[in-house]
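A.B. asks: To convert a position in the sequence shown, counted from 1, into the numbering used here, add 3.
Cβ coordinates follow ideal geometry from the N, Cα and C atoms, glycine included.
Since the model is a prediction, treat every value here as computed from it, not as a measurement.
One structure follows; several queries about it will come next.
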Amino acid sequence: MVLSYLAVIFVAVVLYFLTNWIKCVMAVWGLPGPPAVPVLGHALLASDNKRLVHMGSNAYLEYGPLVKIWLTFFPTVLVLSPEYLQPILSSSKHTDKSFFYKLLDNFLGTGLVTSNGKDWRSHRRLLQPSFHQGVLEMFLAAFHDGSQRLVNRFKDTSSPVNITRHMNETVLEILNDTVLGVQAGDTTKLRADENSPFRHAKVLVPYRLSHPWLMIGSIYSVTNFARNELSHKKSLFDFTRKVIRDKKEERNKIKDFDKNWDDCAPARMCLLDRMLDISEEHQEFDEDAIIHEVCTFMLAGQESVATALAFLLFLLAKNPDVLTKVRREVEEILGDSKRAPTLVELQDMKYLEQCIKETLRLYPSIPVLGRKLSEDVVMGKHTLPAGCNVLIAPYATHRIPDLYPDPEKFDPDRFLPEKIQERHPYAYIAFSSGPRNCIGYKFAILELKTLVSALVREYDMTVVPGKEDINIAYRITLRAKGGLWLRFTSRAS
Numbered sequence: 004m005v006l007s008y009l010a011v012i013f014v015a016v017v018l019y020f021l022t023n024w025i026k027c028v029m030a031v032w033g034l035p036g037p038p039a040v041p042v043l044g045h046a047l048l049a050s051d052n053k054r055l056v057h058m059g060s061n062a063y064l065e066y067g068p069l070v071k072i073w074l075t076f077f078p079t080v081l082v083l084s085p086e087y088l089q090p091i092l093s094s095s096k097h098t099d100k101s102f103f104y105k106l107l108d109n110f111l112g113t114g115l116v117t118s119n120g121k122d123w124r125s126h127r128r129l130l131q132p133s134f135h136q137g138v139l140e141m142f143l144a145a146f147h148d149g150s151q152r153l154v155n156r157f158k159d160t161s162s163p164v165n166i167t168r169h170m171n172e173t174v175l176e177i178l179n180d181t182v183l184g185v186q187a188g189d190t191t192k193l194r195a196d197e198n199s200p201f202r203h204a205k206v207l208v209p210y211r212l213s214h215p216w217l218m219i220g221s222i223y224s225v226t227n228f229a230r231n232e233l234s235h236k237k238s239l240f241d242f243t244r245k246v247i248r249d250k251k252e253e254r255n256k257i258k259d260f261d262k263n264w265d266d267c268a269p270a271r272m273c274l275l276d277r278m279l280d281i282s283e284e285h286q287e288f289d290e291d292a293i294i295h296e297v298c299t300f301m302l303a304g305q306e307s308v309a310t311a312l313a314f315l316l317f318l319l320a321k322n323p324d325v326l327t328k329v330r331r332e333v334e335e336i337l338g339d340s341k342r343a344p345t346l347v348e349l350q351d352m353k354y355l356e357q358c359i360k361e362t363l364r365l366y367p368s369i370p371v372l373g374r375k376l377s378e379d380v381v382m383g384k385h386t387l388p389a390g391c392n393v394l395i396a397p398y399a400t401h402r403i404p405d406l407y408p409d410p411e412k413f414d415p416d417r418f419l420p421e422k423i424q425e426r427h428p429y430a431y432i433a434f435s436s437g438p439r440n441c442i443g444y445k446f447a448i449l450e451l452k453t454l455v456s457a458l459v460r461e462y463d464m465t466v467v468p469g470k471e472d473i474n475i476a477y478r479i480t481l482r483a484k485g486g487l488w489l490r491f492t493s494r495a496s
């Protein structure tokens, strides 16, 4: 009897998914798209960097606003035009991530990047106040300290420098401070090298997508990749758990000394402090939830900001007139002061912000996003059914010539207020948009402004002959293959 009941449930579940799959296949069948390989579909694209870059630059011109993509047997639609992106990104109904985000679960757990449904909504609601203006102001000292360490990195060198490594290390030090409360120089801090567990996942996910059989959990679990991933996860979670328990012990000592925690809490609180405050009021936000969110913030904030910073510095060096204008703005606002910039001063750096936005238009840190539709969405003559997976590609949307004429040109004036008003509100999606946009985008902008404003006052930056071109590498984050090379010359000399 029990077996019969289970069999009926199994058949019902299979029929449900099969019916949904057929609906999605029928919806995407008539859409244009690149040639696909039988069974594998377009999965091999994930490992073909040259084709990925070409498609990102030309997808709209070759195929139009909706592009058919097959991830093995899964029909997927690449949505490019802002008119079609708006009903997806602006809606609170279409916040669930695509199935391939599950590939990060073994590594990250279920933080804001990977979770869906009520878990995501609950955590987003609880964590959103931690990124309000008053809280962000507390991080400015850490940003400034990081900027001074970054300036000192180039003081005694006249040789060309691959800036990507230095940016990764600097941003990771800042994250250790602002997220974990671990000060720079602490021997327990996480690494920014290629063996860091935070960078490991960025390589594994595209590899699994290009080898579809590895997306099957039972197959993947017996591979060396899975064993290495679990080993990295253990080291990462063990480290984070120790930091959490050390922080709890520190807080308890302060509370024992002064019962009025609000009056004696340190001014330089980290995000972990705020998460522990949340956990005291909301039991569902337990230690495991904190670990997952800490790992999410470290992963999301590390290479994404570091690569944005490296791309920005490289583009400024390639465009000395723009660099001069940025430096003039910074000096007019800060003068000769070496103190940490205030929040108002950073907000007044309008032209630098235009440069940041234009850099992220050309080289968005997250080049591709994925969503799963929760209800039917009409897009012109096509209707995408509930359950359909869609891809959102900032790298490609930002290169639509109708939105950005001469799209490969670096032109910060595209982000003058009057130019922004002329464009569709969903033409720029470097931080995604809508209810599931990047929770830390203001944090990232302030961090970038602090670091760049310190560097441009201290150094002239020039590109290295023979290394003027940027070769893009697709991972979960966009990277520069072979690094980005600059020469720093002290302005004092």
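In chain order, which continuous runs of the alpha helix (DSSP H) of length 4 or greater are located wholly inside the region 62 to 128?
C.D. replies: 85 to 92 and 108 to 111
A.B. asks: Do residue 22 and residue 43 come within 8 Å of each other at the CB atom, strictly closer than that value?
C.D. replies: Here the question's residue 43 lines up with position 40 in the sequence shown. Here the question's residue 22 lines up with position 19 in the sequence shown. No, the Cβ-Cβ distance between residue 43 and residue 22 is not below 8 Å.
A.B. asks: Per DSSP, what are the beta-bridge partners of residue 385 in this structure?
C.D. replies: The residue labelled residue 385 in the question sits at position 382 within the sequence shown. Residue 385 is bridged to 382.
A.B. asks: State the beta-bridge partners of residue 26 as determined by DSSP.
C.D. replies: Taking the sequence shown and counting its residues from 1, the one referred to as residue 26 is at position 23. Residue pairing of residue 26 in beta bridges, as defined by DSSP: absent, with no partner found.
A.B. asks: What does DSSP give as the partner residues of residue 179 in its beta bridges?
C.D. replies: Start at 1 with the first residue of the sequence shown, and residue 179 comes out as number 176. DSSP, once it has assigned bridges, lists no residue as partnering residue 179.
A.B. asks: Use the C-beta contact count for residue 88: other C-beta atoms within 10 angstroms, 16 or more gives buried, fewer gives exposed.
C.D. replies: Your numbering for residue 88 matches position 85 in the sequence shown. By the 10 Å Cβ count, residue 88 comes out buried.
A.B. asks: Taking Cβ to Cβ, would you say residue 79 is nearer than 8 Å to residue 393?
C.D. replies: By 1-based counting over the sequence shown, the position of residue 79 is 76. By 1-based counting over the sequence shown, the position of residue 393 is 390. Less than 8 Å separates the beta-carbon of residue 79 from that of residue 393.
A.B. asks: Within a Cβ cutoff of 8 Å, which residues of the same chain sit near residue 489, ignoring the five residues on either side of it in sequence?
C.D. replies: In the sequence shown, counting from the first residue as 1, residue 489 sits at position 486. Answer for residue 489: 163, 164, 166, 316, 317, 320, 464, 465, 466 and 467, listed in chain order.
A.B. asks: With contact counted as at least three CB pairs below 8 Å, one residue from each stretch, are the region 476 to 491 and the region 39 to 56 in contact?
C.D. replies: yes
A.B. asks: Along the chain, where does the beta strand (DSSP E) containing residue 464 start, and where does it finish?
C.D. replies: On the sequence shown, residue 464 is found 461 positions in, with the first residue counted as 1. Taken as a continuous stretch (DSSP letters only), the beta strand (DSSP E) holding residue 464 covers 462 to 466.
A.B. asks: Can you tell me where the alpha helix (DSSP H) with residue 275 in it begins and where it stops?
C.D. replies: Here residue 275 is taken as the residue at index 272 of the sequence shown, counted from 1. Residues 274 to 284.
A.B. asks: Classify residue 364 as helix, strand or coil using the three-state DSSP reduction.
C.D. replies: If you number the sequence shown from 1, residue 364 lands on position 361. Secondary structure at residue 364: helix, using DSSP grouped into helix, strand and coil.
A.B. asks: Counting Cβ pairs, one atom from each stretch, are 3 or more of them under 8 Å apart for the region 397 to 412 and the region 431 to 444?
C.D. replies: yes
A.B. asks: So, helix, strand or coil for residue 219, using DSSP?
C.D. replies: Here residue 219 refers to the residue found at position 216 of the sequence shown. Residue 219 falls in the coil class under three-state DSSP.
A.B. asks: Locate the beta strand (DSSP E) running through residue 394, then write down its first and last residues.
C.D. replies: Position 391 of the sequence shown, counting from 1, holds the residue named residue 394. It spans 392 to 395 - the beta strand (DSSP E) in which residue 394 sits, taken as one unbroken run.
A.B. asks: Is it true that the CB of residue 358 sits closer than 8 Å to the CB of residue 325?
C.D. replies: Counting from one through the sequence shown, the residue named residue 325 turns up at place 322. Counting from one through the sequence shown, the residue named residue 358 turns up at place 355. Yes; because the gap between Cβ atoms is below 8 Å, this pair is in contact.
A.B. asks: Is residue 248 helix, strand or coil by DSSP?
C.D. replies: Numbered from 1 along the sequence shown, position 245 holds the residue referred to as residue 248. Three-state result, residue 248: helix.
A.B. asks: Using CA atoms only, rank isn't needed, just tell me which of 185, 207 and 303 is closest to residue 250.
C.D. replies: Counting from 1 along the sequence shown, the entry for residue 250 is found at position 247. For residue 250, the nearest C-alpha among the options comes from 185.
A.B. asks: Taking contact to mean 3 or more Cβ pairs, one atom from each stretch, closer than 8 Å, check whether the region 366 to 383 and the region 90 to 98 are in contact.
C.D. replies: yes
A.B. asks: Measuring only between beta-carbons, confirm whether residue 32 sits less than 8 Å from chain B.
C.D. replies: No chain B is present in this structure, which holds just one protein chain.
A.B. asks: Quick check on residue 173: buried or exposed, where buried means 16 or more other Cβ atoms within 10 Å of its Cβ?
C.D. replies: Counting from 1 along the sequence shown, the entry for residue 173 is found at position 170. It is buried - the Cβ of residue 173 has at least 16 other Cβ atoms within 10 Å.
A.B. asks: Which whole-angstrom value is the C-beta distance of residue 303 and residue 144, which I expect to be below 8 Å?
C.D. replies: For the purposes of this step, residue 303 is taken as the residue at position 300 of the sequence shown. For the purposes of this step, residue 144 is taken as the residue at position 141 of the sequence shown. The pair is not a contact, with the Cβ atoms about 22 Å apart (cut-off 8 Å).
A.B. asks: In the structure shown, what three-state DSSP assignment does residue 227 receive?
C.D. replies: Mapped onto the sequence shown, residue 227 falls at position 224. When secondary structure is reduced to three states using DSSP, residue 227 falls in the helix class.
A.B. asks: Does the Cβ-Cβ distance between residue 169 and residue 156 come in under 8 Å?
C.D. replies: Within the sequence shown, residue 169 is the residue found at index 166, counting from 1. Within the sequence shown, residue 156 is the residue found at index 153, counting from 1. Result yes, Cβ atoms of residue 169 and residue 156 sit closer than 8 Å.
A.B. asks: Taking DSSP's pairing of strands, which residues face residue 373 in a bridge?
C.D. replies: Start at 1 with the first residue of the sequence shown, and residue 373 comes out as number 370. DSSP output for residue 373 lists 394 as bridge partner(s).
A.B. asks: Let me check one thing: in DSSP terms, what residues is residue 482 bridge-paired to?
C.D. replies: Here residue 482 refers to the residue found at position 479 of the sequence shown. In DSSP, residue 482 forms a bridge with 476.
A.B. asks: Please state whether the Cβ-Cβ distance between residue 257 and residue 275 is less than 8 Å.
C.D. replies: Start at 1 with the first residue of the sequence shown, and residue 257 comes out as number 254. Start at 1 with the first residue of the sequence shown, and residue 275 comes out as number 272. No, the pair does not count as a contact, with Cβ atoms beyond the cut-off.
A.B. asks: So what's residue 322 in DSSP terms, helix, strand or just coil?
C.D. replies: Start at 1 with the first residue of the sequence shown, and residue 322 comes out as number 319. Residue state, collapsed to three classes: coil.
A.B. asks: Let me confirm a value: residue 196 is counted as buried when at least 16 other C-beta atoms fall within 10 Å, else exposed. Which label applies?
C.D. replies: Translated into positions along the sequence shown, residue 196 becomes position 193. Only weak support exists for where residue 196 lies, its pLDDT of 47 falling under 50; the value from the coordinates is given anyway. Exposed, since its Cβ has fewer than 16 Cβ neighbours within 10 Å.
A.B. asks: Among 487, 374 and 411, which one has its Cα closest to the Cα of residue 436?
C.D. replies: Walking along the sequence shown from the start, residue 436 turns up at place 433. The option with the nearest alpha carbon to residue 436 is 374.
A.B. asks: Only counting the same chain, and skipping five residues up and downstream in sequence, which positions put a Cβ closer than 8 Å to that of residue 279?
C.D. replies: Stepping through the sequence shown from its first residue, residue 279 is reached at position 276. Answer for residue 279: 247, 250, 251, 254 and 293, listed in chain order.
A.B. asks: Return the first residue and the last residue of the beta strand (DSSP E) that residue 134 is part of.
C.D. replies: Start at 1 with the first residue of the sequence shown, and residue 134 comes out as number 131. For residue 134, no beta strand (DSSP E) segment is defined, and its DSSP state is neither H nor E.
A.B. asks: Let me know if residue 133 comes out buried or exposed under the rule of 16 or more other beta-carbons within 10 Å of its beta-carbon.
C.D. replies: Taking the first residue of the sequence shown as 1, we reach residue 133 at position 130. A buried status is given to residue 133, since no fewer than 16 other beta-carbon atoms sit within 10 Å of its beta-carbon.
A.B. asks: Decide yes or no for the touch test of the region 412 to 422 against the region 356 to 372: beta carbon pairs closer than 8 Å, at least 3 of them.
C.D. replies: yes
A.B. asks: For the alpha helix (DSSP H) containing residue 146, name the first residue and the last one.
C.D. replies: Mapped onto the sequence shown, residue 146 falls at position 143. Residues 143 to 156.
A.B. asks: Under the assumption that residue 47 contacts residue 70 (Cβ atoms under 8 Å), give the Cβ distance between them as a whole number of angstroms.
C.D. replies: Counting from 1 along the sequence shown, the entry for residue 47 is found at position 44. Counting from 1 along the sequence shown, the entry for residue 70 is found at position 67. So it is not a contact: roughly 16 Å between Cβ atoms.
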